[in-house]
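> Residue numbers (UniProt numbering): 1 to 253. Even for Gly, the Cβ is constructed at its ideal location relative to N, Cα and C. Starting off with a structure, shown below.
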């Protein structure tokens with residue numbers, strides 16, 4: 001049994017190392033990077049519950065994954081903490097295998113996972129506050145991360161891409177279309193939740209949000225208005241300068 005646990009530990013550690021190593025191969029800057037985060041928690045009390053699993057995948061602004069593996073790790077808490085979770089969490093995390101996975105990796109402390117995740121994000125997004133955090137109901141993940149993963153939160157932009165916001169507005173704006181949204185598998189593992197969120201946003205982009213071709217008339221009208229405003233501003237500045245010069249001449253004569 002101990003040999004199986006040791007193999008599992010080595011695999012988890014290797015996964016984090018490989019994710020970081022893969023990221024170091026990148027040399028080109030990422031355009032409009034999006035850092036997708038999903039956490040599994042011991043509950044939803046942001047003051048007392050804890051993050052016990054966290055996954056991160058990074059895409060460019062076109063929603064293309066930069067690294068298929070991403071970063072994923074459990075966060076260790078003793079059995080006494082896991083046993084005190086609410087009934088839903090005890091059942092769900094037990095059935096998914098997450099609870100045992102946490103207990104099998106006591107080396108994945110909060111401090112260690114914090115360091116590994118921040119290193120992974122910085123490898124793709126070295127400049128602070130240039131990437132936004134994204135996910136479904138991502139504000140909840142951020143609430144927990146502000147307490148337990150603050151260095152990562154501080155490195156990212158304060159704005160969020162919350163896919164669930166589009167979903168909720170769509171149900172009110174175009175409910176018939178929203179019924180066509182691909183169903184989620186609801187596996188409630190951090191990685192599967194992120195993949196579903198990315199695919200969900202892609203579906204909204206293709207089926208709900210307007211494309212560049214569909215909005216070109218709006219853009220053209222906006223650009224014409226901007227040109228008109230700039231021309232009026234330039235004309236006003238010329239007239240103001242002319243009046244100022246005339247006043248200076250009269251004063252000097």
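Take residue 104 as the anchor and find which of 160, 214, 251, 76 has the nearest alpha-carbon.
76
> Excluding the 5 residues flanking residue 146 on each side, which residues of the same chain have their C-beta closer than 7 Å to its C-beta?
153
> Please classify residue 242 as buried or exposed, where buried requires at least 16 other C-beta atoms within 10 Å of its C-beta.
By the 10 Å Cβ count, residue 242 comes out exposed.
> If we call anything under 8 Å between Cβ atoms a contact, is residue 35 one with residue 133?
yes
> My output table needs one value for residue 131: the three-state DSSP class, helix, strand or coil.
Coil, per DSSP.
> Three or more C-beta pairs closer than 8 Å, one from the region 103-117 and one from the region 135-144: is that the case here?
Short answer: they don't touch.
> From residue 193 to residue 48, what distance separates their C-alpha atoms?
23 Å
> Could you check where the alpha helix (DSSP H) with residue 250 kicks off and where it finishes?
Start and end: 216-252.
> From the DSSP secondary-structure annotation, give me the bridge partner or partners of residue 99.
The partner list for residue 99 (beta bridge, DSSP) is empty, contrary to what the question assumes.
> With 16 other CB atoms within 10 Å as the buried threshold, where does residue 73 fall?
buried
> Mark residue 70 as exposed unless 16 or more other C-beta atoms lie within 10 angstroms of its C-beta, in which case mark it buried.
buried
> Name the two residues that bound the continuous beta strand (DSSP E) containing residue 162.
Start and end: 160-162.
> Taking C-alpha atoms, which residue in 51, 198, 43 lies nearest to residue 61?
198
> Below 7 Å CB to CB, which residues in the same chain sit around residue 164 once its five sequence neighbours on both sides are set aside?
Residues 136, 137 of the same chain have their beta carbon placed closer than 7 Å to that of residue 164, with the five preceding and five following residues left out of the count.
> Please classify residue 76: does DSSP put it in a helix, a strand, or coil?
coil
> Rounded C-beta distance between residue 82 and residue 102? I'm assuming under 8 Å.
For a cut-off of 8 Å, the C-beta gap from residue 82 to residue 102 is around 7 Å, short enough to register as a contact.
> Alpha carbon to alpha carbon, how far is residue 79 from residue 219? Give it in angstroms, no decimals.
Across the structure, residue 219 and residue 79 are spaced so that their CA atoms are roughly 57 Å apart.
> In angstroms with no decimal places, state the Cα-to-Cα distance between residue 216 and residue 224.
Pairing residue 216 with residue 224, the inter-Cα distance amounts to about 12 Å.
> Taking the continuous beta strand (DSSP E) assigned at residue 42, which residues delimit it?
Per DSSP, residue 42 belongs to no beta strand (DSSP E) and is neither H nor E.
> Whole angstroms is fine: what's the gap from residue 87's alpha carbon to residue 97's?
Rounded to whole angstroms, the separation of the alpha carbons of residue 97 and residue 87 is 15 Å.
> Residue 203 and residue 175: beta carbons closer than 8 Å?
no
> My guess is that residue 50 and residue 42 are in contact by the Cβ rule of under 8 Å, so how many angstroms apart are they, rounded?
Indeed they touch by this definition, with Cβ atoms about 5 Å apart.
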